[in-house]
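Asks:
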Amino acid sequence: MRVLSWTRLEPVVLPIIGALLVIGLYGLLASSVANPLVLPPLGQIGDRLVAIFVDPTISVQFLDTLMRIAVGYVGGGLIGVVIGIAVGSGGWARDVVSPYLSFFRSVAPIAWVIPAAIWFGVGTPATIFVAGYAVVFPVAINTIAGLASTPVNRMRMAASAGAGRLARLVRIQLPSAAPYLLTGFRQAIAYAFMTTVGAEMVAATSGLGFLIYDARVLFDTGLMFAGILVLGALGYLADLGFLGLRRTVFRRFVGDAR
Amino acid sequence: MTATEAIARQQALPETVRRVRLRKALTGTVRFLISLAVLIGIWWVFAVVRNVPLLMPSPPEVMHAFGTLLGSGALVEDTLASLGRILSGLAIGAVGGVLLGLLLGSSRIVRGLLTPLVTLFRFVPPLAWYAPVLAWLGTGEESKIVLIVYTSIFVVAINTLSGMGETPVNARRMLRMSGSSWAQRFFLLDLPHALPYAITGIRIALGNAFMTVVTAEMLGSKVGLGALITNGMTTLSLPKVFVAILVLGVLGLIADRLFVWATNRFLRRFLPWTR
């Protein structure tokens with residue numbers, strides 16, 4: 006009996022080899038180009054990576070970005086659910102709201118950054134607005150799809166047992182829509198990251214997006230790369246965390262976890 | 002009931018169905034138009050009461066800006082520039098994404114080796130690459146197109162990959178039993194099953210491309226709708242910004258609907274849900 010068989014090792018070993026290969030290839034490429042402005046050496050990226058967490062002037066930026074993403078995500082998510090319920094429960098709200106939903110969904114969130122900066126202020130308020138805007142749509146659209154997919158017989162049963170519209174919405178439709186809501190909220194994480202960084206580049210004076218963009222002015226390519234790595238890792242961790250929540254807290258709503 | 006009567010009834014049924022649908026569509030449109038009128042009215046009153054055109058332009062001001070920009074040809078030029086970037090980036094990204102997805106789906110070793118790279122890149126927003134891309138490729142057209150390729154390639158690749166995971170096991174077993182070659186299995190089984198997923202991925206990538214092009218143009222471009230937005234900011238004319246936002250929304254909407262229509266029309270046999 007072989008405990009360490011190749012089929013069990015493969016999913017762990019191959020990615021590690023892959024990562025080492027990429028790092029090695031990059032190191033070779035960087036040293037052969039020998040121009041830190043174009044491809045900074047690995048050591049320099051490592052230095053900046055440490056600085057992002059240790060140097061207080063830089064770690065503030067990192068926390069700023071996290072705060073904006075979190076606030077925009079929660080705010081936009083709540084609005085998205087409300088809009089989704091309004092449209093998804095049918096009636097006049099659907100006729101009125103859904104054309105606007107498809108129109109505004111097609112406007113790139115980042116296009117609002119200038120009006121938002123003028124109305125709410127440059128920096129944090131504008132960034133949060135734009136991040137929230139980006140989150141509303143995946144959440145709303147998934148909520149609508151989820152409400153629409155409620156089994157008809159369950160609704161009929163609740164209605165014949167005397168449940169009113171509100172009771173049916175809260176006790177039947179929303180739990181049925183929960184898997185869709187979870188999908189929407191998961192998609193929204195990526196959107197929140199993407200727009201926050203974009204907005205920080207255009208209309209903010211702090212944050213990881215600003216840091217990466219500002220590093221260009223100072224020709225600090227190492228800092229750019231370190232910022233990119235941190236963003237990638239943050240996004241990955243956020244997604245992992247969400248999947249963890251899905252498996253634990255929201256377990257009863259997720260079909261495939263059972 | 003005679004046969005002719007039965008046929009007449011069958012033909013009569015769609016007629017009533019059509020009428021009910023027409024009435025539903027009509028009430029929907031009327032409600033939407035009323036709400037649109039109310040919304041523009043509120044916007045107008047708000048703009049007049051606040052009376053700070055710098056902060057909140059009124060509808061006629063936006064219409065005027067639209068007319069001026071259209072008349073001077075600037076709007077057409079900006080729109081074409083943005084659309085050209087979106088389309089060329091999306092075309093490269095879609096083809097590259099499908100190829101990457103197929104490669105990842107066909108080889109376990111390649112998939113394992115590339116996993117860390119794909120997972121990391123998936124979560125790095127395209128705009129984060131803006132500064133490095135600027136250092137590598139300069140401020141020209143290439144840097145914008147590269148960002149759009151980046152924003153589309155991974156969505157398409159990951160969707161294609163998950164489509165390849167959905168191929169029915171029994172069909173694969175059957176093909177293997179009948180002595181099919183690897184290429185035959187690939188073209189008869191994997192590719193057709195991956196296509197609908199790839200198409201969904203390309204549709205998402207289309208939306209991403211619209212988002213990315215705007216920011217890329219905001220950060221360094223002379224023409225394009227994103228440039229129009231930043232120019233409106235620096236020259237303090239918010240009506241121009243609103244024009245750009247309106248055009249972007251309408252274009253995005255048309256592009257999405259056009260995409261859905263085209264896939265339903267031309268790729269119907271690959272889409273299981275239309276059967």
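Chains as they are written, first to last, in our numbering: chain A, 6 to 263; chain B, 2 to 276. Virtual Cβ for every residue (Gly too), placed ideally from N, Cα, C. None of these values were measured; they are calculated from a predicted model.
(1) What span of residues does the alpha helix (DSSP H) with A:P104 cover, start to end?
(2) In whole angstroms, what is the alpha-carbon distance linking B:M2 and B:T17?
(3) Cutting at 8 Å between CB atoms, please list the residues of its own chain near A:A262, excluding the five before and the five after it.
(4) Quick one: is A:N147 buried, meaning 16 or more other Cβ sit within 10 Å of its Cβ, or exposed?
(5) Pull up the distance between the alpha-carbon of B:V111 and that of A:L54, whole angstroms please.
(6) Considering Cα atoms alone, identify which of B:L37, B:K241, B:R186, B:L100 is closest to B:L176.
(7) If you draw a straight line from the alpha carbon of A:A166 to that of B:T120, how long is it in whole angstroms?
(8) Using C-beta distances below 7 Å, list every residue in its chain close to A:I177, excluding the 5 sequence neighbours before and after it, in chain order.
(9) Residues in the stretch 248-271 of chain B with C-beta within 7 Å of chain A's C-beta atoms, listed in sequence order?
(10) Residues of chain B with CB under 9 Å from A:F109, in chain order?
(11) Determine, using beta-carbon pairs with one atom in the stretch 28-47 of chain B and one in the stretch 185-205 of chain B, whether at least three such pairs fall under 8 Å.
(12) Just the C-alpha distance for B:A217 and B:R24, rounded to the nearest angstrom, thanks.
(13) Can you look up B:V96 in the DSSP assignment and give me helix, strand or coil?
(14) Using Cβ-Cβ distances below 9 Å, what residues of the stretch 124-151 of chain B are close to chain A?
(15) At a Cβ threshold of 8 Å, is B:R22 touching chain A?
(16) Mapping the DSSP letters down to three states, classify B:E62 as helix, strand or coil.
(17) Could you list which residues in chain B have their beta carbon closer than 7 Å to that of A:A116, in chain order?
(18) For the alpha helix (DSSP H) containing A:A172, list its first residue and its last residue.
(19) Counting only beta-carbon atoms, is B:L220 nearer than 8 Å to chain A?
(20) If we count Cβ pairs, one from each stretch, closer than 8 Å, do we get three or more for the stretch 131-138 of chain B versus the stretch 221-228 of chain A?
(21) Using a beta-carbon distance below 8 Å, is A:W97 in contact with chain B?
(22) Do three or more CB pairs link the stretch 158-174 of chain B to the stretch 124-132 of chain B at distances below 8 Å?
(23) Using a 10 Å radius around the Cβ and a threshold of 16 neighbouring Cβ atoms, would you call A:R170 buried or exposed?
(24) Distance cutoff 8 Å, beta carbons only. Does A:Y185 sit that close to anything in chain B?
(25) DSSP three-state label for B:E167, please.
(26) With distance defined between alpha-carbon atoms, name the residue in A:R110, A:L47, A:A131, A:A56 nearest to A:M206.
(27) Does the CB of B:S108 have a neighbour CB from chain A at under 8 Å?
(28) Rounded to whole angstroms, what's the CA-CA distance from B:P169 to B:S179? Just pull it up for me.
Replies: The short version:
(1) Taking the first sequence and counting its residues from 1, one reaches residue 104 of chain A at position 99. Here the alpha helix (DSSP H) through A:P104 covers 97-111.
(2) Residue numbering aside, residue 2 of chain B sits at position 1 when the second sequence is read from its first letter. Residue numbering aside, residue 17 of chain B sits at position 16 when the second sequence is read from its first letter. Note that B:M2 scores a pLDDT of 47, beneath 50, so its modelled location is shaky; the value from the coordinates is reported in the next line. Rounded to the nearest angstrom, the two C-alpha atoms are 20 Å apart.
(3) Position 257 of the first sequence, counted from the start, is the residue given in the question as residue 262 of chain A. Legend: pLDDT at A:A262 = 39, less than 50; position of this residue unreliable, value from coordinates given subsequently. Within the same chain, A:A262 has close Cβ partners R251, R252, R256.
(4) Here the question's residue 147 of chain A lines up with position 142 in the first sequence. Around the beta carbon of A:N147, 16 or more other beta carbons sit within 10 angstroms, so the residue counts as buried.
(5) To locate residue 111 of chain B, count along the second sequence from 1; it is residue 110. To locate residue 54 of chain A, count along the first sequence from 1; it is residue 49. Each residue's Cα considered, the two are about 29 Å apart.
(6) Here residue 176 of chain B refers to the residue found at position 175 when the second sequence is read from its first residue. Per the C-alpha coordinates, the member of B:L37, B:K241, B:R186, B:L100 positioned closest to B:L176 is B:R186.
(7) What you label residue 166 of chain A is simply residue 161 of the first sequence in a count that begins at 1. What you label residue 120 of chain B is simply residue 119 of the second sequence in a count that begins at 1. Going by the C-alpha atoms only, they are around 48 Å apart.
(8) Along the first sequence, read from residue 1 onward, the residue named residue 177 of chain A stands at position 172. Excluding positions up to five away in sequence, the list reads T155, R159, M160, A163.
(9) L249, G250, G253, L254, D257
(10) Sequence index remark: in the first sequence, residue 109 of chain A carries index 104 (1-based). Residues of chain B whose Cβ lies closer than 9 Å to the Cβ of A:F109 are, in chain order, G250.
(11) The stretch 28-47 of chain B vs the stretch 185-205 of chain B: no contact.
(12) Reading the second sequence from its first residue, position 216 is the one you call residue 217 of chain B. Reading the second sequence from its first residue, position 23 is the one you call residue 24 of chain B. If I take the Cα positions, the gap works out to 45 Å.
(13) As a position in the second sequence, residue 96 of chain B is number 95, starting the count at 1. Of the three classes helix, strand and coil, the one that applies to B:V96 here is helix, per DSSP.
(14) F124, V125, P126, P127, L128, A129, W130, Y131, A132, P133, L135, A136, W137
(15) Taking the second sequence and counting its residues from 1, the one referred to as residue 22 of chain B is at position 21. So no, B:R22 is outside the interface.
(16) Taking the first residue of the second sequence as 1, we reach residue 62 of chain B at position 61. In the structure shown, B:E62 sits in a helix (DSSP, three-state: H, G or I).
(17) Numbered from 1 along the first sequence, position 111 holds the residue referred to as residue 116 of chain A. Going along chain B in sequence order, the residues near A:A116 (Cβ under 7 Å) are V215, I230, A245, I246, L249.
(18) Reading the first sequence from its first residue, position 167 is the one you call residue 172 of chain A. Looking at the DSSP string, the run of the alpha helix (DSSP H) that includes A:A172 is 170-173.
(19) Indexing the second sequence from 1 puts residue 220 of chain B at position 219. With 8 Å as the cut-off, B:L220 counts as an interface residue toward chain A.
(20) By the Cβ test, the stretch 131-138 of chain B is in contact with the stretch 221-228 of chain A, since at least three Cβ pairs between them sit closer than 8 Å.
(21) Working through the first sequence from its first residue, we reach residue 97 of chain A at position 92. At least one chain B Cβ lies under 8 Å of A:W97.
(22) no
(23) Taking the first residue of the first sequence as position 1, residue 170 of chain A is located at position 165. With fewer than 16 Cβ atoms within 10 Å of its Cβ, A:R170 is classed as exposed.
(24) Here residue 185 of chain A refers to the residue found at position 180 of the first sequence. Answer no: the Cβ-Cβ gap between A:Y185 and chain B never drops below 8 Å.
(25) For the purposes of this step, residue 167 of chain B is identified with residue 166 of the second sequence, where counting begins at 1. Coil at B:E167, not helix or strand.
(26) Numbered from 1 along the first sequence, position 201 holds the residue referred to as residue 206 of chain A. The shortest C-alpha separation from A:M206 is found at A:A131.
(27) Translated into positions along the second sequence, residue 108 of chain B becomes position 107. No - not a single Cβ of chain A is within 8 Å of the one on B:S108.
(28) Along the second sequence, one-based indexing puts residue 169 of chain B at 168. Along the second sequence, one-based indexing puts residue 179 of chain B at 178. When rounded, the distance between both Cα atoms is 16 Å.
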